[in-house]
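Residue numbers (this note's numbering): 302 to 833.
Note that CB positions come from ideal geometry on N, CA and C, so glycine has one too.
The structure under discussion appears below in the form of structure tokens.
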Amino acid sequence: MLLLIRQRSSCTGFMHKILLFFLSGWLGVATVSMAQHMPGAAMSNYAGTQALYHNPAFVADSRYSVFLNLAGAQLYMAGNHAKYNAPFSIASLLTNTVPAQYRNERGAIDLKRRHIEEKLNGRLKHLNGGGDLRLPSLMVTLPGGRFGIAATARARLGLNATQVTEPIARLARGGTRESNLMDEIHENQRGNLHFNGLGEVAFTFGGIVLDDETDFFKAGATVKRIVGLYNAHAIIDNTSFGVVPDPAYNNRKEIIQVPTITTRYGYTSEEAVKNFRPSPGWLVGGDSPGGGWGLDLGVVYEYRPDVNKYSYTEKGIRKRDGTKNKYLYRLAVSLTDIGRVNFKNPVYVKQQEANAVDKEFRFDNFQKLKGSDGFFAAVSSSLGVPPPPPATFRSVLPTALQASLDYNIKPNVYVNTLWVQNLRSPSAFGMKAESVLAVTPRYEHRWYELSVPVSLMNRYSSLGVGLAGRVGPVWFGTDHLTSLLNIGKPKVFNVYFGVSAGLFRRPPLSPTRCWPAEASWWKRLFQRKEYR
Numbered sequence: 302m303l304l305l306i307r308q309r310s311s312c313t314g315f316m317h318k319i320l321l322f323f324l325s326g327w328l329g330v331a332t333v334s335m336a337q338h339m340p341g342a343a344m345s346n347y348a349g350t351q352a353l354y355h356n357p358a359f360v361a362d363s364r365y366s367v368f369l370n371l372a373g374a375q376l377y378m379a380g381n382h383a384k385y386n387a388p389f390s391i392a393s394l395l396t397n398t399v400p401a402q403y404r405n406e407r408g409a410i411d412l413k414r415r416h417i418e419e420k421l422n423g424r425l426k427h428l429n430g431g432g433d434l435r436l437p438s439l440m441v442t443l444p445g446g447r448f449g450i451a452a453t454a455r456a457r458l459g460l461n462a463t464q465v466t467e468p469i470a471r472l473a474r475g476g477t478r479e480s481n482l483m484d485e486i487h488e489n490q491r492g493n494l495h496f497n498g499l500g501e502v503a504f505t506f507g508g509i510v511l512d513d514e515t516d517f518f519k520a521g522a523t524v525k526r527i528v529g530l531y532n533a534h535a536i537i538d539n540t541s542f543g544v545v546p547d548p549a550y551n552n553r554k555e556i557i558q559v560p561t562i563t564t565r566y567g568y569t570s571e572e573a574v575k576n577f578r579p580s581p582g583w584l585v586g587g588d589s590p591g592g593g594w595g596l597d598l599g600v601v602y603e604y605r606p607d608v609n610k611y612s613y614t615e616k617g618i619r620k621r622d623g624t625k626n627k628y629l630y631r632l633a634v635s636l637t638d639i640g641r642v643n644f645k646n647p648v649y650v651k652q653q654e655a656n657a658v659d660k661e662f663r664f665d666n667f668q669k670l671k672g673s674d675g676f677f678a679a680v681s682s683s684l685g686v687p688p689p690p691p692a693t694f695r696s697v698l699p700t701a702l703q704a705s706l707d708y709n710i711k712p713n714v715y716v717n718t719l720w721v722q723n724l725r726s727p728s729a730f731g732m733k734a735e736s737v738l739a740v741t742p743r744y745e746h747r748w749y750e751l752s753v754p755v756s757l758m759n760r761y762s763s764l765g766v767g768l769a770g771r772v773g774p775v776w777f778g779t780d781h782l783t784s785l786l787n788i789g790k791p792k793v794f795n796v797y798f799g800v801s802a803g804l805f806r807r808p809p810l811s812p813t814r815c816w817p818a819e820a821s822w823w824k825r826l827f828q829r830k831e832y833r
């Protein structure tokens, strides 16, 4: 399928299309958080619902009585084949401040093929991209402080290209006019492409399991209802191709010749997006293209050598000050995104398999197409097979092992180490998490925060130094600051930002004050009686 996308336009690179899609198209929809894992923002004790995507146990013993995430967004892209080397920064693309000299006569940004450099080493290529729109979500500490609950919602886009042979990657980046691909048959080509759009509604519950003075444990779980909004995929194996001039266009266009191809490709019709409704039928019924369930499980251990500093007695009961962090170090371990999505609605879901010989893809066959249905019909016609019929397939969620160690250097100063390991194989059908190792020093306060994540991203192959912060309700950051500022030739970029707000837990009051004045926030919210 990577071969075929290029045939729609021989002058615009695949990387170019994907980059512009995420930077302009997706931002145009979201404009308001995967960095896939946001170590600069999600590891804080004031991260609220952002921390739950790392470990659901953080819902318990929160610094908040009530936390509300209003909106958040993040974008992420990383690969090992292409490098960004344009004369204008990614930050200027995001803010639409690219100078006029790099725009065409219609004012559109002129991102040329040469601005996306290649790394040629003969190895298999990969590309991971993601967009995560975090919708209004609520987290609550229950009366007594031992348990917490949360209801969250988000939408995710995930692009994963894996095990792609270098000639296919070169064709995808440079198009049919890539001179080094001309007049040669490239044998034994393969690659996997998966593009998923998912909606998610989740419920999290967690509580304190053990509070034994210095040793403190809490655990949590998140159950997710997943709605499959969109899927497009292609699996290519045992394929050969060549690029030759097309005499029908006086050799100004090219033909992709395919002596042999073995492929399986499918998609959900674009009508699914047009017909989307936020209704029970789409959430738990059969109206959506696909549906499924997901699960996150997590535990947290805290070592609290000075816990007595944060303890008090109320009505003969020993309690902890819920406004304070009490640990010297905190260890968190979780399994996230366990599950899959079953795409089975015959109205929208299509898939086709083909084993063909001596086929070719011509420029004329991919002009004036009517949406994605028309594009895949043109692919099938070029392969000599019928358009994809109704089908069913299952797409996995990006299961990952996540672990973090947070160390309190001195008041308000912490150093966090985060490790995220993708647990899905490169050939798995569906989304894959990005493996990351990050060390993040931070200064945190209930009203503001600053952190500097230093990360090995992109399957531990790209070093990134970022900057993240929070001021009041606004949080923002990047884990690869140099890519946004156009320093070097980055293979990774990411950015995240959003707006959240919360009510902090109340500190213990003086023992000379009468008990009703120390009532929980829950009673204060709903109790009409006035205490004097």
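* Is DSSP giving D607 helix, strand or coil here? -> Taking the sequence shown and counting its residues from 1, the one referred to as residue 607 is at position 306. Reduced to three states, the DSSP call for D607 is coil.
* Asked: In its own chain, which residues sit with a C-beta less than 8 Å from the C-beta of L371, not counting the 5 before and 5 after it?
  -> For the purposes of this step, residue 371 is identified with residue 70 of the sequence shown, where counting begins at 1. Answer for L371: P437, P774, G799, V800, S801, A802, listed in chain order.
* **Outcome for S728 when other beta-carbon atoms lying within 10 angstroms are tallied against a minimum of 16** => Sequence index remark: in the sequence shown, residue 728 carries index 427 (1-based). Per the 10 Å Cβ criterion, exposed.
* DSSP state of Y347, grouped into three classes? -> Position 46 of the sequence shown, counting from 1, holds the residue named residue 347. It is coil, neither helix nor strand.
* Asked: Which residue comes first and which comes last in the alpha helix (DSSP H) that contains R471?
  -> The residue you call residue 471 lines up with position 170 of the sequence shown. Boundaries of the alpha helix (DSSP H) harbouring R471: 467 to 475, taken from the DSSP string.
* Asked: Can you list, in chain order, the residues of its chain whose CB lies under 7 Å from that of P808, leaving out five sequence neighbours each side?
  -> Residue 808 sits at position 507 when you count from the first residue of the sequence shown. Closer than 7 Å at Cβ, skipping near neighbours: D622, T624.
* Any idea what DSSP makes of Y761, helix, strand or coil? -> In the sequence shown, counting from the first residue as 1, residue 761 sits at position 460. Note: Y761 maps to coil in three-state DSSP.
* Asked: Which parts of the stretch 691 to 746 are runs of the alpha helix (DSSP H), unbroken and 4 residues or longer, counting only runs that do not cross its ends?
  -> Taken in chain order, the whole alpha helix (DSSP H) runs of length 4 or more contained in the stretch 691 to 746 number zero.
* A657 to K669 span [Cα, whole Å] -> Position 356 of the sequence shown, counted from the first residue, corresponds to residue 657. Position 368 of the sequence shown, counted from the first residue, corresponds to residue 669. Taking the straight line joining both Cα atoms gives about 25 Å.
* Asked: Just curious, the beta strand (DSSP E) that D659 is in, first and last residue?
  -> Counting from 1 along the sequence shown, the entry for residue 659 is found at position 358. Here the beta strand (DSSP E) through D659 covers 650 to 662.
* To do: Please name the residue in E555, I536, G731, R364 whose C-alpha comes closest to that of G543.
  => In the sequence shown, the residue the question calls residue 543 occupies position 242. Comparing Cα-Cα distances from G543 to each of E555, I536, G731, R364, the minimum goes to E555.
* Classification of H269 by the beta-carbon crowding that lies within 10 angstroms, buried from 16 upward -> Since the first and last residues shown for the chain are 302 and 833, residue 269 lies out of range.
* **Residue interval of the beta strand (DSSP E) (run including K525)** => If you number the sequence shown from 1, residue 525 lands on position 224. First-last of the beta strand (DSSP E) with K525: 516 to 547.
* Cα-Cα separation between G778 and D674, rounded to whole angstroms -> Here the question's residue 778 lines up with position 477 in the sequence shown. Here the question's residue 674 lines up with position 373 in the sequence shown. Straight-line Cα distance between these residues: approximately 38 Å.
* Let me know if Y628 comes out buried or exposed under the rule of 16 or more other beta-carbons within 10 Å of its beta-carbon. => Taking the sequence shown and counting its residues from 1, one reaches residue 628 at position 327. So Y628 ends up on the buried side.
* Asked: In chain order, which beta strand (DSSP E) runs of at least 3 residues are fully inside the stretch 385 to 468?
  -> Fully enclosed beta strand (DSSP E) runs of 3 or longer: 417 to 419, 426 to 435, 438 to 442, 448 to 465.
* Contact check, G586 vs A358 under 8 Å by CB: the rounded distance? -> On the sequence shown, residue 586 is found 285 positions in, with the first residue counted as 1. On the sequence shown, residue 358 is found 57 positions in, with the first residue counted as 1. Not quite, the Cβ-Cβ distance comes to about 32 Å (not below 8 Å), so this is no contact.
* Who are the Cβ neighbours of V772 in its own chain at under 7 Å, not counting the five residues just before and after it? -> Locating residue 772 in the sequence shown gives position 471, counting from the first residue. Contacts found: Y749.
* Asked: chain B beta carbons: is any one of them nearer than 9 Å to that of K575?
  -> The chain labelled as chain B is not found in the depicted structure, where only one protein chain is given.
* Asked: Is it the case that the Cβ atoms of H495 and F676 are separated by a distance below 9 Å?
  -> Stepping through the sequence shown from its first residue, residue 495 is reached at position 194. Stepping through the sequence shown from its first residue, residue 676 is reached at position 375. The answer is no: Cβ separation not under 9 Å.
* Measure from the alpha carbon of N532 to the alpha carbon of each residue in F805, N576, L458, then state which is nearest. => Translated into positions along the sequence shown, residue 532 becomes position 231. It is L458 whose Cα lies nearest to the Cα of N532.
* What residues match up with H487 in a beta bridge as DSSP calls it? -> One-based indexing of the sequence shown puts residue 487 at position 186. In the DSSP output, where bridge partners are listed per residue, H487 has F542.
* Would DSSP call W327 helix, strand or coil? -> As a position in the sequence shown, residue 327 is number 26, starting the count at 1. With a pLDDT of only 29 at W327, under the threshold of 50, the placement of this residue in the model should not be trusted, and no figure is reported.
* To do: Report, in whole angstroms, the separation of the C-beta atoms of Q439 and A452, which I expect to be a contact under 8 Å.
  => Walking along the sequence shown from the start, residue 439 turns up at place 138. Walking along the sequence shown from the start, residue 452 turns up at place 151. Per the sequence shown, residue 439 should be read as Leu rather than Gln. Confirmed, about 5 Å.
* Asked: Alpha carbon to alpha carbon, what distance is there between L511 and F517?
  -> Position 216 of the sequence shown, counted from the start, is the residue given in the question as residue 517. Position 210 of the sequence shown, counted from the start, is the residue given in the question as residue 511. Using only the alpha carbons, I get a separation of about 5 Å.
* Can we say the stretch 755 to 766 touches the stretch 732 to 741, given the rule of at least three CB pairs closer than 8 Å? -> yes
* To do: Starting from the N-terminal side, write out each stretch of the beta strand (DSSP E) that is 3 residues or longer and does not extend beyond the stretch 558 to 631.
  => 591 to 604, 612 to 615, 618 to 621
* Based on Cα-Cα distance, which residue from L425, F667, T783, G593 lies nearest to S682? -> For the purposes of this step, residue 682 is identified with residue 381 of the sequence shown, where counting begins at 1. Between S682 and the set L425, F667, T783, G593, the nearest pair of CA atoms involves F667.
* Neighbourhood of A343 by C-beta distance below 7 Å, restricted to the same chain and skipping five residues each side -> Position 42 of the sequence shown holds residue 343. Closer than 7 Å at the Cβ level, and outside the excluded window around A343, lie Q351, A352, Y354, H355.
* Going by DSSP, which residues form a beta bridge with Y377? -> Counting from one through the sequence shown, the residue named residue 377 turns up at place 76. The partner list for Y377 (beta bridge, DSSP) reads G431, N795.
* Asked: Which partner residues does G492 have in the DSSP bridge list?
  -> The residue you call residue 492 lines up with position 191 of the sequence shown. G492 pairs with I537.
* To do: Could you tell me if P590 is buried or exposed, where buried requires 16 or more neighbouring beta carbons within 10 angstroms of its beta carbon?
  => For the purposes of this step, residue 590 is taken as residue 289 along the sequence shown, with counting starting at 1. Around the beta carbon of P590, 16 or more other beta carbons lie within 10 angstroms, which makes this residue buried.
* With a Cβ-Cβ cutoff of 9 Å, do E501 and A454 count as a contact? -> What you label residue 501 is simply residue 200 of the sequence shown in a count that begins at 1. What you label residue 454 is simply residue 153 of the sequence shown in a count that begins at 1. Closer than 9 Å, so yes.
* In three-state terms, what does DSSP make of A678? -> Translated into positions along the sequence shown, residue 678 becomes position 377. In this structure, A678 counts as helix in the three-state DSSP scheme.
* Around the C-beta of R605, are 16 or more other C-beta atoms found within 10 angstroms, so that it is buried, or is it exposed? -> Indexing the sequence shown from 1 puts residue 605 at position 304. When all chains shown are included, R605 counts as buried.
* Can you tell me the Cα-Cα spacing of R743 and L596, whole angstroms? -> Translated into the one-based positions of the sequence shown, residue 743 becomes position 442. Translated into the one-based positions of the sequence shown, residue 596 becomes position 295. Those two C-alpha atoms are separated by around 30 Å.
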